[in-house]
Amino acid sequence: MSFINTNIAAFMAHRALSTHNNQMFDTLRHLSTGLRVESAKDDPAGMVASSSLRSDMVGIDAAMNSITRGEQIIATAEGAIGEINELLLELQAIVTESGNFGGLGEQERMAMQSEVDVILEAIDRIAIGTEFNGNQLLNGNFDYELRGNELSNFEWVHVNNARLGTGGQPLDIHADVLVAAEKAQAGITLDNGVLSSSMGLSVTFEIAGSKGVQQFTFADGTNKLDMEAAISTFAEELGIEVDLTSNNELIIKSREYGSSQIATVRVVEANGQNSNGGPFVRSWNGTEWTDEADNEHTDNGVDAQMLMNGQRAIVQGLEAHVVANGFNVEYRLTESANVVGDYDFEIVSGGAFFDVAAGANRSELATLGIRSMTTGSIGGFDGMLSKIRTGGEASVLDGNLLQAQRIVEQAVDDVTKTRGRLGSFMRYTLESARNNLDATLEQVAAADTAIRDADLAWETAALARTQILSQSALQALSMANSHPMQILNLLNA
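Position in the sequence shown counted from 1, then plus 89, gives you this note's numbering.
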């Protein structure tokens with residue numbers, strides 16, 4: 090067509106040149122910033138998705154910082170407990186050495202007691218002085234607070250972690266005793282309170298508990314009180330108790346409850362019969378004492394069977410451990426509470442909280458209870474560590490040395506368990522959460538990169554293409570602008 094008022098070809102070439110120039114400018118912007126989606130107009134849906142992913146990355150980074158802080162807190166507490174453990178091992182050596190009555194004088198024993206007191210003071214100083222960012226870690230600040238009238242039925246309750254209700258509402262705990270625990274026991278039959286052999290001979294008994302074994306020889310006619318006194322002399326060493334019944338039974342019982350406890354009575358030397366023609370050794374079948382024809386009986390105690398909030402407890406004697414969704418509790422019943430029944434209390438508050446996930450959900454908070462590590466708080470069945478101080482009932486100087494040794498052993502076990510629990514929390518809660526967040530961050534970053542970042546190889550190729558097309562459009566525009574001149578030549582003709 091030969092129009093001069095409207096140059097359609099020029100318009101087309103101009104439009105193409107503008108399009109290619111805009112594409113080239115976008116490509117240059119992508120190459121200079123390294124981003125494919127720099128503003129919403131580049132890719133509206135991609136910008137929305139990228140913003141969500143970048144928000145996730147901010148949350149993940151904050152959670153990882155929280156985990157790092159948590160690891161530092163737990164490492165501080167664990168290091169201090171490790172030092173307490175070392176002090177306890179030194180204390181154990183001193184207490185054991187103090188049992189050498191024949192080789193130690195009064196001054197040496199006083200010096201040992203003084204050393205014990207210094208170690209106990211050092212343990213208390215560490216427990217009270219260990220802090221992180223102004224927060225004391227081992228004085229009970231991060232332990233859980235319990236409430237309830239029936240707490241007196243427990244010798245102790247250790248809450249390792251607990252998830253309280255919405256808004257910090259107390260967590261109700263319901264402990265059921267389904268089967269009571271029992272001590273191991275075996276009996277020796279007496280005739281009107283006197284040991285009486287059918288042959289008038291002395292009788293040698295071998296008596297064993299969970300701690301050891303000892304033989305006792307009694308002459309015919311020895312009364313029950315003398316037998317009780319002789320056996321009781323070794324009771325603590327053997328891990329037993331000695332009781333007398335109204336039915337002329339001398340009962341050997343384990344000190345503790347549970348299936349790990351034993352009580353053995355065996356006749357080692359005698360004709361095997363009492364004056365009534367029956368055996369000396371008897372066993373308890375749950376309702377009555379019965380004769381053991383072979384004059385030997387070994388009995389094991391029975392662990393209690395308990396539930397907590399409907400969850401089966403792992404039980405040893407009177408001590409139980411329950412791990413359920415929402416709480417981890419260890420406890421020990423008192424002997425008076427060792428009957429079929431139920432006991433309630435509340436976990437009111439406490440514990441340390443650690444954010445181990447990127448979300449704001451309360452269920453993503455890890456909780457941990459850190460008990461007090463003072464000498465009045467660590468120990469076991471035989472008492473707390475503070476009992477071996479000067480003037481205490483288990484002091485090295487004038488107390489019960491066997492009890493002191495057991496207290497220190499139980500304190501070592503108590504502290505070791507606490508230290509192990511902190512280590513497990515670091516390894517299986519914090520470290521595993523960190524590893525998970527690392528992997529999540531990697532994938533989220535990769536997804537965001539796929540949306541936002543520019544493919545430089547693609548953009549470089551696109552730049553070359555748009556440059557060529559832009560040059561072509563420019564040439565076409567030049568040619569289109571020269572087309573009306575051909576019409577002028579027609580007029581001239």
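All C-beta atoms, glycine included, are put in the ideal place defined by N, C-alpha and C. These figures come from a predicted structure and were not determined experimentally.
> Among the residues of its own chain, which have a CB less than 7 Å from the CB of isoleucine 320, if the five just before and after it don't count?
Replying inline: As a first step, residue 320 is located in the sequence shown; it is residue number 231 there, counting from the start. Around isoleucine 320: Ile296, Phe305, Val331.
> What are the boundary residues of the beta strand (DSSP E) that includes methionine 397?
Replying inline: Walking along the sequence shown from the start, residue 397 turns up at place 308. Per DSSP, methionine 397 belongs to the beta strand (DSSP E) from 394-397.
> Can you give, in chain order, each stretch of the alpha helix (DSSP H) that sits fully within the stretch 320-382 and has at least 4 residues?
Replying inline: 324-327
> Going by beta carbon distance, what residues of the same chain come within less than 6 Å of valine 137, once the five residues before and after it are set aside?
Replying inline: Taking the sequence shown and counting its residues from 1, the one referred to as residue 137 is at position 48. Excluding positions up to five away in sequence, the list is empty.
> Given a threshold of 16 other Cβ atoms within 10 Å of its Cβ, counted over all protein chains shown, does serine 373 qualify as buried or as exposed?
Replying inline: Locating residue 373 in the sequence shown gives position 284, counting from the first residue. A quick correction: the sequence has tryptophan, not serine, at residue 373. Its Cβ being crowded by 16 or more others within 10 Å, tryptophan 373 is buried.
> Counting pairs of beta carbons, one from the stretch 392-411 and one from the stretch 226-234, are three or more of them closer than 8 Å?
Replying inline: no
> In whole angstroms, what is the alpha-carbon distance linking asparagine 525 and leucine 267?
Replying inline: Counted from its first residue, the sequence shown places residue 525 at position 436. Counted from its first residue, the sequence shown places residue 267 at position 178. Looking at the two C-alpha atoms, the distance is approximately 41 Å.
> Would you call the stretch 562-570 and the stretch 98-106 touching, i.e. three or more CB-CB distances under 8 Å?
Replying inline: yes
>> What would DSSP say about methionine 288, mapped onto helix, strand or coil?
In response: For the purposes of this step, residue 288 is taken as residue 199 along the sequence shown, with counting starting at 1. Here methionine 288 sits in coil by DSSP.
>> Helix, strand or coil, according to DSSP, for leucine 176 in the structure here?
In response: Position 87 of the sequence shown, counted from the start, is the residue given in the question as residue 176. Leucine 176 falls in the helix class under three-state DSSP.
> For tyrosine 517, is the classification buried or exposed, using 16 other Cβ atoms within 10 angstroms of its Cβ as the cut-off for buried?
Replying inline: Locating residue 517 in the sequence shown gives position 428, counting from the first residue. Tyrosine 517 comes out exposed.
> Going by alpha carbons, who is nearest to serine 241 out of Leu422, Glu520, Gln303?
Replying inline: Indexing the sequence shown from 1 puts residue 241 at position 152. Residue Leu422 is the option with its Cα nearest to serine 241.
> For tyrosine 222, is the classification buried or exposed, using 16 other Cβ atoms within 10 angstroms of its Cβ as the cut-off for buried?
Replying inline: As a working note, residue 222 is residue 133 in the sequence shown. Note that residue 222 is asparagine in the sequence shown, not tyrosine. Asparagine 222 comes out exposed.
> Taking Cβ positions, are threonine 309 and serine 335 nearer each other than 8 Å?
Replying inline: By 1-based counting over the sequence shown, the position of residue 309 is 220. By 1-based counting over the sequence shown, the position of residue 335 is 246. The identity of residue 309 in the sequence shown is aspartate, whereas the question assumes threonine. No. Outside cutoff.
> Within this structure, are the beta carbons of alanine 264 and alanine 352 separated by less than 8 Å?
Replying inline: The residue given as residue 264 occupies position 175 in the sequence shown. The residue given as residue 352 occupies position 263 in the sequence shown. Cβ distance not < 8 Å, so alanine 264 and alanine 352 don't count as in contact.
>> Among the candidates Val205, Pro259, Lys313, Ser343, whose CA atom is the shortest distance from the CA of valine 302?
In response: The residue labelled residue 302 in the question sits at position 213 within the sequence shown. Nearest C-alpha to valine 302: Ser343.
> Just how far apart, CA to CA, sit alanine 151 and leucine 530?
Replying inline: What you label residue 151 is simply residue 62 of the sequence shown in a count that begins at 1. What you label residue 530 is simply residue 441 of the sequence shown in a count that begins at 1. Between alanine 151 and leucine 530, the C-alpha separation is close to 11 Å.
>> Applying the 10 Å Cβ sphere with the 16-neighbour rule, what's the burial state of isoleucine 329?
In response: In the sequence shown, residue 329 corresponds to position 240, counting from 1. Looking at its Cβ environment, which holds 16 or more other Cβ atoms inside 10 Å, isoleucine 329 is buried.
> In the DSSP assignment, what are the bridge partners of tryptophan 245?
Replying inline: Against the sequence shown, residue 245 aligns to sequence position 156. In DSSP, tryptophan 245 forms a bridge with Arg421.
> Taking all protein chains shown into account, do 16 or more other C-beta atoms lie within 10 angstroms of the C-beta of lysine 506, making it buried, or fewer, making it exposed?
Replying inline: Along the sequence shown, one-based indexing puts residue 506 at 417. It counts as exposed.
> Taking the alpha-carbon positions, what's the arginine 508 to alanine 166 distance?
Replying inline: Stepping through the sequence shown from its first residue, residue 508 is reached at position 419. Stepping through the sequence shown from its first residue, residue 166 is reached at position 77. C-alpha separation (whole angstroms): 9 Å.
>> Is there a C-beta anywhere in chain B that falls below 8 Å from the one on asparagine 337?
In response: Annotation note: the requested chain B is absent from the structure, which comprises a single protein chain.
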